[in-house]
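Structure, as C-alpha cells:
Chains as they are written, first to last, in our numbering: chain A, 68 to 446; chain B, 543 to 669.
Written out as C-alpha cells, the structure is:
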C-alpha cells in the first residue's frame, strides 16, 4: 500500500508526457493518516483505449487519467467496460471542452472526476489530490471492514471451540457409560454423571451469556435510566448467592446500609453486581469471606469486592477480561463459567464512564474495584 | 510392567475419560494440563506414549510441543497420538497419509475419542 499506480491514457504524446511530468514532480499532499504518508506514484502510459485495456488487465491501476477522445475505443466506452467488470479504478476523465453533458455521462459511467482541456498543472494536481484522498479513504474503509470480518470469524471460532469442549467431555463420559467400561457397579459412574451435568450447566450459562453480550454489543438491550439504589442491587445479589455461600461457610459482608443512588439501568447494574458476587463466592475458599466496601469519590461510586479466594498469577490477571478466558487449574475445574462474565461487565461498566481494577495475590485472594459514575450515564 | 501413557489436555474431563479408557487395558496414565507440566513429566518418568491435544492455550501449542519432542534425540522415539477436533474448525482434514507426512506425530485421533480406535492405535504403536 506504499504506492499508487497511475495510468495516463492519451493519444497526444505531449499531453501524456506533460501530465506524467507534472505528477512526477508532484508531492502528494492530502490530509491523511501517517500510515498512508509517503505514498509513491508509479506512472504508466497508454496511447489508446486498446492499450489501456491491456494494461488494466495485466495490472490494475488505482487512478486512471483518461482522455475522452481517443482514436479507437473511446474513453467513455472503456469506462462502460470497466463498470461491468467491476474493476474499481478512480478515473479522471479528460474532456476536450468543458461540457456538462460529457461530465454527467462520464460520472454516470463510473468516472470519479473530470478535467477540461486545456488544464493547468495546478488544476491537474488539485483533481489528482482529490482522487488520492478518496482512494485512501476507501482503502481505510476496506481495511476496517476486513478487520471486522476477522474479529467476527475469530469470535465464532473460539465460540465453536468453547461449545465443543463440553460436548466432547459429556460425549466421552456417555460412551464409557454406554460400554460399561468402568465395571458393572453403578457407583463407579457417579462422578462421570456429576461431571457431565456440571459441563452441561456451564454450556447453558455460556449460551445465556453470549446472548447478553451480543445484545449489549448490538445496542439491542434497551436502557431504562432511573435513580437506582445500588445498595438494594447489591443486597439482592447477596441473597441470590447466599445458599452457595452458606453451604461453604463463606461470610459475606456489605459495609453500608443507607441507600446510595446512581443514574442507571436496573438490569445492567444487576448483571454487574451478580457477576462480582458470584465470582467472589465461586472462586473463594471454604470458610472464606467476601467483603463489599462502598466508597464515594467525587462523581463516582467505587465498589470493592474483596475476597479471600484462590487469587491469580499476574499473567492470568492480565488475560482476565478477554472473551472466553477462564483460569484453568485444579481448583477451578469444578467451577462452571462461560468465560464471558467479565467481558460483559467491562462493556457495561463502560456505559457508566467507569472502570474495573483488579489486585490479586495467588492463593490469598483478589480485590475487584468497580468504579461507576453516579449521574449522567446516558450513553 | 505396565506401560506408561502421558495424557496432555487442558480439559480435565477429557483427561478423565481417557484415563478410564486406558485403564481398561491396564495402561498407567500420567496427566498434564499444559505443556510445562508435560515437559516435567517426560523428564522424570519413562513415558511409553504421549496422547496430545492439538489445541491448548495457544492454537498451535500441541504442534510446537510435538515438534520439540521429535527433534530431541532423548525423546524422539516416544510415539505421539494427536487428538484433534480442528478439522471442522479450519476445514483442514488431518490425514496421516497426506498432511501427517510432515507433522511430527505418529497418529491422529478425532474428538470425541472412540475408545476402540484409540486402543487399537496405541496397540499398534507400543506393543
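Don't be surprised by glycine CBs; every beta carbon is placed ideally from N, CA and C.
- Excluding sequence positions up to five before and after residue 649(B), its CB lies within less than 6 Å of the CB of 623 and 663, all in the same chain and listed in chain order.
- What residue 563(B) touches in chain A, judged by beta-carbon distance under 8 Å, is 243 and 248, going in chain order.
- Under a criterion of Cβ atoms nearer than 7 Å, the residues of chain B adjacent to residue 395(A) are, in order, 552 and 575.
- Under a criterion of Cβ atoms nearer than 9 Å, no residue of chain A is adjacent to residue 579(B); the nearest Cβ is some 11 Å distant.
- The continuous stretches of alpha helix (DSSP H) do not include residue 573(B), which lies in the beta strand (DSSP E) extending over residues 570-574.
- Of all residues in the segment 261-278 of chain A, the ones placed with a Cβ closer than 7 Å to any Cβ belonging to chain B are 262 and 266, in chain order.
- The distance from the Cβ of residue 406(A) to that of residue 229(A) is about 7 Å, consistent with a contact at the 8 Å cut-off.
- The C-beta distance from residue 179(A) to residue 193(A) rounds to 13 Å, too long to fall under 8 Å, and the pair is not in contact.
- Interface residue (Cβ-Cβ distance to chain A less than 9 Å): residue 624(B) is not classified as such.
- Looking at the backbone, the Cα of residue 576(B) and that of residue 389(A) are separated by about 20 Å.
- Around residue 238(A), the beta-carbon contacts reaching into chain B at under 8 Å are 654.
- For the pair residue 132(A) and residue 75(A), the CB atoms are nearer than the 9 Å cut-off.
- Between the alpha carbons of residue 558(B) and residue 322(A) lies a distance of about 43 Å.
- Identification of residues in the segment 206-218 of chain A having a C-beta nearer than 7 Å to some C-beta of chain B yields an empty set.
- Per DSSP, residue 429(A) is not a residue of any beta strand (DSSP E), being assigned neither H nor E.
- For residue 180(A), DSSP records a beta bridge to 159(A).
- Distances from the CA of residue 225(A) to each of 277(A), 196(A) and 169(A) were compared; the closest alpha carbon is that of 277(A).
- When only Cα atoms are considered, residue 306(A) and residue 420(A) end up about 28 Å apart.
- Following the DSSP letters along the chain, one finds residue 649(B) inside the beta strand (DSSP E) bounded by residues 649-652.
- The continuous beta strand (DSSP E) containing residue 294(A) extends over residues 292-296.
- For residue 559(B), a Cβ of chain A is located within less than 9 Å of the residue's own Cβ.
- In the DSSP assignment, residue 198(A) falls within the alpha helix (DSSP H) that extends over 188-245.
- Judged by their CB atoms, residue 595(B) and residue 570(B) are not nearer to each other than the 9 Å cut-off.
- When only Cα atoms are considered, residue 593(B) and residue 351(A) end up about 33 Å apart.
- With 16 or more other Cβ atoms from the protein chains shown falling within 10 Å of its own Cβ, residue 335(A) counts as buried.
- Residue 321(A) is bridged by DSSP to 359(A).
- Rounded to the nearest angstrom, the gap between the Cα atoms of residue 385(A) and residue 427(A) is 11 Å.
- Taking 8 Å as the Cβ-Cβ cut-off, the segment 120-131 of chain A has no residue approaching chain B.
- Non-local C-beta neighbours of residue 657(B) in its own chain, meaning closer than 8 Å and more than five positions away in sequence, comprise 563 and 566, ordered along the chain.
- Counting along the chain, the unbroken alpha helix (DSSP H) around residue 122(A) starts and ends at 116-125.
- Taking C-beta separations shorter than 8 Å and ignoring five residues to either side along the sequence, the partners of residue 383(A) in its chain run 394, following chain order.
- Under the three-pair Cβ rule at 8 Å, the segment 545-553 of chain B does not count as touching the segment 342-358 of chain A.
- Cβ neighbours of residue 348(A) within its own chain (closer than 7 Å, five residues either side excluded): 308, 311, 312, 317 and 357.
- By the neighbour-count criterion, in which 16 or more other beta carbons inside 10 Å mark a residue as buried, residue 253(A) falls on the exposed side.
- By the neighbour-count definition (other C-beta atoms within 10 Å, threshold 16), residue 275(A) is an exposed residue.
- Closest in alpha carbon position to residue 411(A), among 273(A), 444(A) and 314(A), is 273(A).
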